[in-house]
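S.K.:
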Amino acid sequence: MRRVVTVLLLGLVLVGCGSSGAPESFTDQPGQLPEALRPFANELVGTEDANAVPLVQRNFLEGCMSGTTARLDSLSGSDLATVCGCSYDSLVGYLVANTATPEEAFSTFLAIDDAVSSEQAADGAAPINENYLALFQACRDQLG
Numbered sequence: 000m001r002r003v004v005t006v007l008l009l010g011l012v013l014v015g016c017g018s019s020g021a022p023e024s025f026t027d028q029p030g031q032l033p034e035a036l037r038p039f040a041n042e043l044v045g046t047e048d049a050n051a052v053p054l055v056q057r058n059f060l061e062g063c064m065s066g067t068t069a070r071l072d073s074l075s076g077s078d079l080a081t082v083c084g085c086s087y088d089s090l091v092g093y094l095v096a097n098t099a100t101p102e103e104a105f106s107t108f109l110a111i112d113d114a115v116s117s118e119q120a121a122d123g124a125a126p127i128n129e130n131y132l133a134l135f136q137a138c139r140d141q142l143g
C-alpha cells in the first residue's frame, strides 16, 4: 500500500501549481487535460468534459500519472489512470462528506497538500491519515 500512496501523494504536491493564481475551490480554473493524459481521459475523469477539468484535479492527475509507474508495482497506462482518477474522486468525495462545507473540504485538501509537500521536502516520505490510505488502496484493489 505504501507504493500506491507515494504516487498519489505526488499528485497532491502539484495541486497548487498553475499560472492563473491559486485555486480557491475544487471547481476553479477549468481547462483541458494535458496532452499526455488525453488518451486516458475516460479513466481519469469518466463522463466529465476532458476540456473543462478543474486545475486542482488536473494537477493531481498529472502528478499521479507522470513518472510514477514503477512505484505502482506494474501499473501503467489505463490501469494507472483508473487508480489515479478513482483516488482523486474518492479523496474529494470523502472530504466533502466529512466536512461541514465545500470550503472546509477544499481547505482540508490544501492542508493535506501542504503537509505532504513539507514532509516530502524534509525526508522524501509523507505521512497520511489512515482513512485516506484506505481510499487509495480501495482504488488499487478494484483492479483485481
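In numbering that gives the first Met the number 0, the protein residues as written are 0 to 143. Don't be surprised by glycine CBs; every beta carbon is placed ideally from N, CA and C. None of the values given here were measured: they were computed from a predicted structure.
With a cut-off of 8 Å, do at least 3 Cβ pairs link the segment 84-97 to the segment 39-46?
M.R.: yes
S.K.: Go ahead and label Glu129 buried or exposed: buried means 16 or more other beta carbons lie within 10 angstroms of its beta carbon, across all protein chains shown.
M.R.: With fewer than 16 Cβ atoms within 10 Å of its Cβ, Glu129 is classed as exposed.
S.K.: Using three-state DSSP, classify Gly20 as helix, strand or coil.
M.R.: It is coil, neither helix nor strand.
S.K.: Can you tell me the Cα-Cα spacing of Phe39 and Ser77, whole angstroms?
M.R.: 6 Å
S.K.: Could you pull the start and end residues of the alpha helix (DSSP H) that Asn50 belongs to?
M.R.: Looking at the DSSP string, Asn50 is not in any alpha helix (DSSP H), and its letter there is neither H nor E.
S.K.: Taking Leu94 as the reference, which of Leu79, Phe59, Leu134, Glu61 has the closest Cα?
M.R.: Leu134
S.K.: With the cut-off set at 9 Å, would you say Ser24 and Glu103 are in Cβ contact?
M.R.: no
S.K.: Per DSSP, what kind of secondary structure is Gly30 in: helix, strand or coil?
M.R.: strand
S.K.: Do you know how far the Cα of Gln31 is from the Cα of Ala21?
M.R.: 17 Å
S.K.: If we ignore side chains and look at the alpha-carbon of each, how far apart do Gly143 and Leu54 end up?
M.R.: The C-alpha of Leu54 is placed about 30 Å away from the C-alpha of Gly143.
S.K.: Of all the options Ala96, Ala99, Val91, which has the alpha carbon lying nearest to the alpha carbon of Tyr109?
M.R.: Sequence inspection shows Leu at residue 109; the Tyr mentioned does not correspond to that position. Leu109 has its Cα closest to that of Val91, out of Ala96, Ala99, Val91.
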